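Protein chains in written order, with the numbering used here: chain Y, 1187 to 1451; chain L, 10 to 287.
Working notes, beginning with the structure itself.
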């Protein structure tokens, strides 16, 4: 799980890596929204080109992106099959009860395949080129306007970064607890589902205990280092909007305009 | 002589216990001194350390740190004078990376961005962790994490450093590194060091040792004086340094040994000399 969610950041010296994480986050969202307006091959072609351009600018090995798609292959295949067998409209090729294969159904399945793949590519690009701390900085910065309505933006960002920081620590701890129980003869690999779940409980209880102890220690340590809440703190990490970010934003805005033009006119 | 910490009649009781954890404790610490507070588990030494930093809300007694009396209004002022390093290397690492963690205290003090950068750089180089500045905590050893914690303290430029069993979860090498950095720091900046420990080896470089038992100070003195009472230390469940044990063993065999405490190297030198004199 660790590898899948967090440990994926690949440090590189590239255009995308040096971009402001806020720009990357917002543009990734924009891309995902825009792709839902796609309804013909020209739009998909354009968006694929933009995705390939972005990936090329990140200098990250394309194989890593394929690794990002592979775990989701079954979901994509399942969604495509539903489209193929239940899609209606267009020329009817084959029918059996409620199942039917039509030309529009096949077309929609192909669209969905491309759409899924592009969304995965772009979000993988975000997580491969941006470290978790940068993402949490970006979220903090983007949520800043909410501070006006007394939303605790700093605190939420700090919680996010501490949560991310303790994921590996708690993973190690889980492993240590499981090993301690294996050493006393617990077998986690066998038994039916009910038995396996029962064996999880003796792992969770010590894990919770230790997480609470850690939280208490951490709170004490933070207080000793002068933490008095988010207000009035300065920032060590500053986010800087650069020329790169403007260029990338312009490219994505141009793409958005062309997509809407192709779609609506 | 200037007293940087003055504790008088400090008493504290945890609500779940009958016995007070600290019972009428009074002592003074001279500016620039290295003082070790020793005691076995449950002797109240950690409670004492936490009270000095205002992390425990004590009801009886007074604590004055660098001329400021510790109370609710002054607690942040007192904390800015004290840098604390705790026992567990993992549970005091707040930042996502080494540099973020060192900067955490400075961000809290609202130090301007440029100055944070300079202070983080200098603190990391003082603990020889500059090469690790972008590393995440899980990529570091326990000793390295404690050095980062020490850098976080150095960056805040406190007058007093409290080590709350800071080396007890480290291997001997990690322990030696931390103590080495602190010794150098003290020589350069004259920082007052208060080390709370049950490792008697950590007390050999102290100017003064306070022995705590059941919430009371039972003995105060220089290492030589304290080690000479080895029966008392053993009785309290504490260890006696190896060279001192050797000395005591020699004395029981009617061999005259130097009166002052000497470390292992000192004892070796003395043994050679006395062999040559024969």
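Heads up, the beta-carbon is just placed ideally off N, CA and C, and yes, glycines get one too.
Since the model is a prediction, treat every value here as computed from it, not as a measurement.
Identified DSSP bridge partners for residue 286(L): Here residue 286(L) is not bridged, per DSSP, to any residue.
With contact counted as at least three CB pairs below 8 Å, one residue from each stretch, are the segment 1297–1313 of chain Y and the segment 1231–1244 of chain Y in contact? With the cut-off at 8 Å, the segment 1297–1313 of chain Y and the segment 1231–1244 of chain Y touch.
Option in 1415(Y), 1204(Y), 1374(Y) and 1195(Y) with minimal Cα separation from residue 1434(Y): Nearest C-alpha to residue 1434(Y): 1204(Y).
Beta-carbon proximity of residue 1311(Y) to residue 1244(Y), cut-off 7 Å: The answer is yes: Cβ separation under 7 Å.
Just the Cα atoms here: how many angstroms apart are residue 145(L) and residue 1287(Y)? If I take the Cα positions, the gap works out to 53 Å.
With respect to the alpha helix (DSSP H) encompassing residue 1356(Y), which residues constitute its N-terminal and C-terminal limits? If you look at residue 1356(Y), you'll find it in the alpha helix (DSSP H) that goes 1339–1368.
Let me check understanding here. Comparing Cα to Cα, which of 137(L), 281(L) and 276(L) lies closest to residue 252(L)? Closest by alpha carbon: 276(L).
Residue range of the beta strand (DSSP E) that includes residue 94(L): In this chain, the beta strand (DSSP E) harbouring residue 94(L) covers 91–94.
In three-state DSSP terms, what is residue 152(L)? In the three-state scheme derived from DSSP, where H, G and I count as helix and E and B as strand, residue 152(L) is classed as helix.
Residue 55(L), buried or exposed, once every other Cβ within 10 Å from all chains shown has been counted against 16: So residue 55(L) counts as buried.
Take residue 1216(Y) and list the residues in its own chain whose beta-carbon comes closer than 7 Å to its own, dropping the five residues that flank it on each side. 1438 and 1442, listed in sequence order.
Using only the alpha-carbon positions, how far apart do residue 127(L) and residue 86(L) sit? Their backbone Cα atoms lie some 23 Å apart in a straight line.
Between the alpha carbons of residue 158(L) and residue 204(L), how many angstroms are there, rounded? Rounded to the nearest angstrom, the gap between the Cα atoms of residue 158(L) and residue 204(L) is 15 Å.
Taking its Cβ as the centre, do 16 or more other Cβ atoms sit within 10 Å of residue 1407(Y), making it buried, or is it exposed? Buried, since its Cβ has 16 or more Cβ neighbours within 10 Å.
By how many angstroms is the C-alpha of residue 49(L) removed from the C-alpha of residue 271(L)? Whole-angstrom Cα-Cα distance: 24 Å.
Extent of the continuous beta strand (DSSP E) to which residue 1286(Y) belongs: Here the beta strand (DSSP E) through residue 1286(Y) covers 1285–1288.
Mind pulling the chain L residues with CB within less than 9 Å of residue 1403(Y)? 95, 96, 97, 99, 100 and 101, listed in chain order.
How long is the line joining the alpha carbons of residue 1399(Y) and residue 35(L), rounded to whole angstroms? Between the C-alpha atoms of residue 1399(Y) and residue 35(L) there is a straight-line separation of about 30 Å.
Determine the direct distance from the alpha carbon of residue 214(L) to that of residue 1391(Y), and round the result to whole angstroms. Roughly 42 Å separates the two Cα atoms.
So with CB distances below 7 Å, who are the chain L contacts of residue 1408(Y)? Think of a sphere of 7 Å around the beta carbon of residue 1408(Y): the chain L residues whose beta carbon falls inside it are 103, in chain order.
Please name the residue or residues paired with residue 217(L) in a DSSP beta bridge. The partner list for residue 217(L) (beta bridge, DSSP) reads 44(L).
Determine the chain L residues that contact residue 1424(Y) at a beta-carbon separation under 8 Å, and present them in chain order. What residue 1424(Y) touches in chain L: 122.
Residues that residue 138(L) contacts on chain Y, provided the C-beta gap is smaller than 9 Å: The premise fails here: residue 138(L) is roughly 16 Å from chain Y at the closest Cβ pair, so nothing lies under 9 Å.
According to DSSP, residues forming a beta bridge with residue 230(L): In the DSSP assignment, residue 230(L) forms a beta bridge with 218(L).
Own chain, CB closer than 7 Å to residue 1214(Y), minus 5 neighbours either side, in chain order: 1308, 1309 and 1312, listed in sequence order.
Buried or exposed: residue 1320(Y), going by 16 or more other Cβ atoms within 10 Å of its Cβ? That one is buried.
Proximity below 7 Å, CB of residue 284(L) to CB of residue 53(L): In this structure, the beta-carbon distance from residue 284(L) to residue 53(L) does not fall below 7 Å.
What is the DSSP secondary structure of residue 1451(Y), reduced to helix, strand or coil? Coil at residue 1451(Y), not helix or strand.
Hey, does residue 142(L) have any beta-carbon neighbour from chain Y nearer than 7 Å? No, residue 142(L) does not count as interfacial toward chain Y.
Take the Cβ of residue 207(L) as the centre, count every other Cβ of all protein chains shown within 10 Å, and call the residue buried at 16 or more, exposed below. Residue environment for residue 207(L): buried (at least 16 other C-beta atoms within 10 angstroms of its C-beta).
What does the Cβ neighbour count give for residue 153(L), buried or exposed, with the cut at 16 atoms within 10 Å? Classification of residue 153(L): buried, given that the 10 Å Cβ count is 16 or more.
Pairwise C-alpha distance: residue 1196(Y) and residue 1323(Y): Residue 1196(Y) has its alpha-carbon roughly 18 Å from the corresponding atom of residue 1323(Y).
Straight-line CA distance for residue 1346(Y) to residue 1375(Y)? For residue 1346(Y) and residue 1375(Y), the distance between alpha carbons rounds to 33 Å.
Report all residues from its chain with a CB closer than 8 Å to the CB of residue 1291(Y); omit the five preceding and five following residues, and keep chain order. Correct list, in chain order: 1269, 1270, 1271, 1272, 1273, 1274, 1275 and 1276.
For residue 30(L), which residues of its own chain have a beta-carbon under 7 Å away from its beta-carbon, when the five flanking residues on both sides are left out? Counting only Cβ-Cβ distances below 7 Å, and skipping sequence neighbours, we find 21, 22, 23, 53, 56 and 224.
The segment 112–127 of chain L / the segment 168–176 of chain L touching (three or more Cβ pairs under 8 Å): Between the segment 112–127 of chain L and the segment 168–176 of chain L, the count of Cβ pairs shorter than 8 Å is below three; the stretches do not touch.
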